[in-house]
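Novice: Here the sequence shown stands for residues 179 to 342, numbered as in our numbering.
Beta carbons are placed, not taken as given, at the ideal position from N, Cα and C, and that holds for glycine.
Remember, predicted model here, so these are calculated numbers, not experimental data.
Structure provided below as structure tokens; questions to follow.
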Amino acid sequence: MPSVRDRSRGFLVAGQSLFACALGRSGIIVDKREGDGGTPRAALPLRRLFLRPGKGPRPRSLLKARLMTRSDAWCDDLHDRRYNRLISRPPGKAQERLWRQDHLYDIIVELGWNDQPVRRGRGSAIFWHLARAGLTPTAGCIATPRDVFFKVLPRLSKRAVIRL
179 MPSVRDRSRG FLVAGQSLFA CALGRSGIIV DKREGDGGTP RAALPLRRLF
229 LRPGKGPRPR SLLKARLMTR SDAWCDDLHD RRYNRLISRP PGKAQERLWR
279 QDHLYDIIVE LGWNDQPVRR GRGSAIFWHL ARAGLTPTAG CIATPRDVFF
329 KVLPRLSKRA VIRL
């Protein structure tokens, strides 16, 4: 749910609980395009959980979990046949690395966006990930503080969706 004061902020509602979250710098948008900085208005199913090893305890979750590796990346290259898919890092420069120097991707929930079927240019890699201090805007994802993952993930079924 978007904030009425700042379009790049919103609220994650889980049952009766409300948690502040960061959204894309362009806020919630209907016609999502690659690189527009918007978080898509959609019902986004939770696909799987990615965890960076050695970065704290593992949150409890019913989602399929995968430990990330240094070579994990998400393809955001419009001209690559692997667009909007998890890939191994080496080829190409237009790939979003999951193993980052900052803490933002230590916990990631892959959200189902533009993946069934994939349409080039409609946006890739919409994640629910860790937020920066101050809940500053994302590139189009949803971000919450670490403690929110530990409160919310155990309460979510495998069929849960994030609605925007």
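What are the residues that DSSP puts in a beta bridge with Pro231?
Specialist: Counted from its first residue, the sequence shown places residue 231 at position 53. According to DSSP, Pro231 bridges with nothing at all.
Novice: Assuming Trp291 contacts Ala220 under a Cβ cut-off of 8 angstroms, what Cβ separation, rounded to an integer in Å, is found between them?
Specialist: The sequence position of residue 291 within the sequence shown is 113, counting from 1. The sequence position of residue 220 within the sequence shown is 42, counting from 1. That pair is a contact at about 7 angstroms.
Novice: Between which two residues does the alpha helix (DSSP H) holding Asp325 run?
Specialist: Within the sequence shown, the letter at position 147 stands for residue 325. Note, Asp325: alpha helix (DSSP H), 324-330.
Novice: Identify every residue that forms a DSSP beta bridge with Gly252.
Specialist: Along the sequence shown, read from residue 1 onward, the residue named residue 252 stands at position 74. The question names Gly, but residue 252 in the sequence shown is Trp. DSSP, once it has assigned bridges, lists Leu264, Glu274 as partnering Trp252.
Novice: Helix or strand or just coil, what does DSSP make of Arg238?
Specialist: Residue 238 sits at position 60 when you count from the first residue of the sequence shown. If DSSP states are grouped into helix, strand and coil, Arg238 belongs with coil.
Novice: DSSP puts Pro223 in a beta bridge; with which residues?
Specialist: The count along the sequence shown starts at 1 and reaches residue 223 at position 45. Bridge partners of Pro223: Val339.
Novice: One question on the structure: do Ala309 and Ala317 come within less than 8 angstroms of each other, judged by their Cβ atoms?
Specialist: Within the sequence shown, residue 309 is the residue found at index 131, counting from 1. Within the sequence shown, residue 317 is the residue found at index 139, counting from 1. Not closer than 8 angstroms, so no.
Novice: DSSP three-state label for Arg333, please.
Specialist: As a first step, residue 333 is located in the sequence shown; it is residue number 155 there, counting from the start. Helix at Arg333.
Novice: How many Å lie between Ala338 and Phe197 at the Cα?
Specialist: Mapped onto the sequence shown, residue 338 falls at position 160. Mapped onto the sequence shown, residue 197 falls at position 19. The alpha-carbon atoms of Ala338 and Phe197 are separated by roughly 17 angstroms.
Novice: Is DSSP giving Ala243 helix, strand or coil here?
Specialist: Here residue 243 corresponds to residue number 65 of the sequence shown, with the count starting at 1. Strand, per DSSP.
Novice: Grab the span of the beta strand (DSSP E) containing Ala198 for me, first residue to last.
Specialist: For the purposes of this step, residue 198 is taken as the residue at position 20 of the sequence shown. Ala198 -> beta strand (DSSP E) spans 195-200.
Novice: Strictly by DSSP, which residues pair up with Ile286?
Specialist: The sequence position of residue 286 within the sequence shown is 108, counting from 1. Partner(s): Phe228, His307.
Novice: State the beta-bridge partners of Thr217 as determined by DSSP.
Specialist: Sequence index remark: in the sequence shown, residue 217 carries index 39 (1-based). DSSP lists Ile206 as partners of Thr217.
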